[in-house]
Amino acid sequence: MKTELAIIGAGPAGLCAAIEAAKNGVDVTLIDENRTAGGQLFKQIHRFFGSEEHLAGIRGFEIGNMMLEDTQKYGVKVLLNTVVWGMFPDLKLGLSNGNMVSVIEARRIIVSTGALENSLSFPGWTLPNIMGAGAAQTMVNVNRVLPGNKVLIIGSGNVGLIVAYQLLQAGAEVIAVVEALPEVRGYQVHASKIVRMGIPIITSHTITRAEGDSCVRKAEIARIDDTFKVLKGSEMILDVDLICIAVGLRPLAELCWMAGMKFDYLPQLGGFVPLHNENMQSSIEGIYVAGDVAGIEEASSAMEEGKLAGIAAGISLGKIVKKQGIEIINKAKEGLRALRLGPYGDYRQESKEKIVHHYYAA
Amino acid sequence: MEYRRSLLEKTNGIITLEKIEKYNGYPSEERFSKGPVPIIECIEEIPCNPCETVCDRHLIKVGKPITNYPRLIDPDGKCTGCTKCITICPGLAIFIVDKTYSENEASIALPYEELPIPVQGEKIVGIDRAGNSVCKGFVQKVLSRKNFDRTHVVTIVIPKEFADDVRYFKRIDE
Amino acid sequence: MRIKEHPILGPLPVAKEVIIIVDGKKIKAYEGEMISTAIVASGIKTFRYTSKKKEPRGIFCAIGRCTDCVMEVNGRPNVRTCVTPVEDNMVINTQEGLGIWENWRGGG
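Residue numbers (my numbering), protein chains in the order written: chain B, 71 to 432; chain E, 510 to 683; chain R, 1257 to 1364.
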């Protein structure tokens, strides 16, 4: 099998890359191991922030539907239920679909494999019904089942705060959101919303243990000082049957490691991040990265990075006229800069600049 | 749920009237006397501006960069209470307060995305930003429009002295 | 517990009912849904037990990346129930440790 541009991962980054490239005449093969495309977009039932260009005010899953329509419209070849088990420096990909194994040769590759939720260890952390906050979100918004009725959420970043609200919408009782640091980590508007709905956000606290049998039944939380040491006597036992861990994500970059890409360690972006330049080109010529795999941000930035990588790949293939391509690239870069403004964006802008700097220095 | 009260007392993450006054501006009593006023409670620099884009009368300003704090510029009371701003805000942070509802009452229009949807006339308890029940009231109107994309606008009526604090509600028997 | 009515997602879409057999018990499921969805809907929380300490495990990531939710499906162990759809008369068992491969007759 041969293709001009192989894109691994059909989430927001991969979808946008595929659409931009295909719009401009590139032969695109979009590959995803899941049964449906869309990545984590379809569990986002809330409205996105940003500007009109970023589709602000529109619910995540509607944006997903729009993008799926566009892949059809522009003739993107989509391979679902297909695992990419190998990525090699000569731009070959090893695929498997059920019991069928094959190899695809690409002239350019975009890796947009997204991220995985971090876990948090504490006594009892492996009990059933202690899961990622994103996992609970998938269960209620995609699978339409509520795994528990009395929920404790660990972590007050946007994921923890949004999932708290969505669990309420699904009919659960959210007992509290617990946060280790002294202040709420996510947007104040998200925090305020759940507080007025009766969900306490307890800062400077952590979970010290969970108890249960076939499922979690109780959680103990306690106050911690600024060295994360538990203050004896502050312990409280809560009756819970579901604990959601919302302590961040990290890039799913195994294929990048395998192919020999250069990385950098940036805790602000989730950990090990593949080096890339301002056009999403990685340290392996012909392979680009886009979305959460290139640093944990949000769906809106993933979409812009996908567009960037799709056009960059198209220009390098000679399929997109450089002048027009650069116009679109600059627009995407402006879009990214806008998303990386303010107290929630500054550190991401800084980190991305570091990555680009190291790309050229390496 | 005895621990709930003590947990609520330890809560962080409440937007206060002081912060709203500082970053978004809070309408004067003179402005309130002219009719419904959109109150935007968005006190951080987040890149976001659909409130500016959606207002047909261009009464909400964000400008560039889009991290600017949104501000209402409507000294003459041109707001018609169409509630588009309430339903588009991704942070559910916009409310329309009408202190001219009656001599002793004010109405608060707020975004609502839960089930069951309230019914006109239903008796409710007004809740402030900290989650405290502070007064009694009733549901005056429920707007559910297709182009509001599943965000309903519920208008509650409460005693006027709570109009600067009440931003949520629950049914009396909840 | 299935969410029959949701303020944003609306009512549960109509789907064909199928029967799966979990640890010998017949459980109602719906065509197209993942095994873990039907398991959670029926109130079961434990999916498997670990090899050494026989500790119960359930869902962690729900997107097919962590393998915490694996069960024995039609005789084949280590099947990720969160990304595997149900089939009529599917036989699903709580997995003990690494599972018993001798019962698997081969195939996908």
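Quick reminder that beta carbons are idealized off the backbone N, C-alpha and C, glycines included.
From a predicted model like this one, the values you see are computed outputs, not experimental measurements.
Query                                                                                                                      : Result
Residues near R/P1333 in its chain [Cβ-Cβ closer than 6 Å; skip 5 each side]                                               : Q1351 and G1355
Counted within 10 angstroms of its Cβ, other Cβ atoms place B/H116 as buried (16 or more) or exposed                       : buried
When B/E74, B/P82 and B/G256 are compared against B/K377, the one with the closest alpha-carbon                            : B/P82
7 Å Cβ cutoff met for R/E1273 and R/K1284                                                                                  : yes
Beta-carbon proximity check, E/K608 vs E/F541, cutoff 7 Å                                                                  : yes
Proximal residues, the region 267-298 of chain B versus chain E, C-beta separation under 7 Å                               : M267, G268, P270, I271, I272 and T273
Beta-carbon neighbours of R/K1301, restricted to chain B and to distances below 8 Å                                        : P198, N199, P217, S284 and C285
Short CB-CB distance (under 7 Å) between R/P1263 and chain E                                                               : yes
Assigned secondary structure, B/T208 (DSSP; H/G/I helix, E/B strand, else coil)                                            : helix
Cβ contact (3+ pairs, closer than 8 Å) linking the region 610-624 of chain E and the region 136-153 of chain B             : no
Interface residues of chain B facing E/Y677 [CB-CB closer than 7 Å]                                                        : R266 and M267
Which residues DSSP lists as bridging B/A289, in chain order                                                               : B/A280 and B/L308
Terminal residues of the alpha helix (DSSP H) in which B/W327 lies                                                         : E324 to A329
Proximal residues to E/M510 (C-beta, below 8 Å), its chain only, five neighbours per side dropped                          : Legend: pLDDT at E/M510 = 44, less than 50; position of this residue unreliable, value from coordinates given subsequently. If we look at E/M510 and ignore the five residues flanking it on each side, it has no Cβ neighbours.
Stretch-stretch touch, CB-based, cutoff 8 Å, three pairs: the region 390-397 of chain B with the region 182-194 of chain B : no
Run of the beta strand (DSSP E) containing B/E103, from where it starts to where it stops                                  : Where B/E103 is concerned, there is no enclosing beta strand (DSSP E), given that its DSSP letter is neither H nor E.
Close Cβ partners of E/I667 (< 7 Å) along its chain, the five nearest in sequence each way excluded                        : E614, A615, I617, G635, C644, G646 and V675
Within-7 Å CB hit, E/P574 to chain B                                                                                       : yes
Integer-rounded CB distance, given that B/L312 should sit under 8 Å from B/N199                                            : 5 Å
CB contact check: E/L455 to chain R, cutoff 7 Å                                                                            : Nothing about residue 455 of chain E can be reported from this structure: the residues present for chain E run from 510 to 683 only.
Neighbour-count burial assignment, B/H427, 16 or more Cβ in a 10 Å radius                                                  : exposed
Any C-beta of chain B under 7 Å from that of E/R580                                                                        : no
B/R418 at chain A interface by Cβ criterion, 7 Å                                                                           : Although the question refers to chain A, the structure presented lacks it and instead comprises the protein chains B, E and R.
Neighbourhood of B/G341 by C-beta distance below 6 Å, restricted to the same chain and skipping five residues each side    : R320
Within chain B, partners of E/D658 - CB distance below 9 Å                                                                 : R117, G127, I128, R129 and E132
Test item: CB-CB of E/V546 and E/P536 under 7 Å                                                                            : yes
Contacts of E/A602 in chain B (Cβ-Cβ under 8 Å)                                                                            : V259, S262 and K263
Backbone CA spacing between E/E530 and R/T1340 [nearest angstrom]                                                          : 53 Å
Through-space distance from E/P625 to R/L1268, alpha-carbon basis                                                          : 16 Å
Short CB-CB distance (under 7 Å) between B/R47 and chain R                                                                 : Here chain B has residues from 71 to 432 only, and residue 47 of chain B is not among them.
Given B/A107 as reference, the closest of B/L150, B/I224 and B/G218 once Cα atoms are compared                             : B/L150
Nearest residue (CA-CA) to R/S1298, options R/K1310, R/R1313 and R/V1278                                                   : R/V1278
Those residues which DSSP pairs with E/T520 across a bridge                                                                : B/I272
Backbone CA spacing between E/L581 and B/Y257 [nearest angstrom]                                                           : 21 Å
Interface partners of E/L624 on chain R, CB under 9 Å                                                                      : E1261, H1262 and P1263
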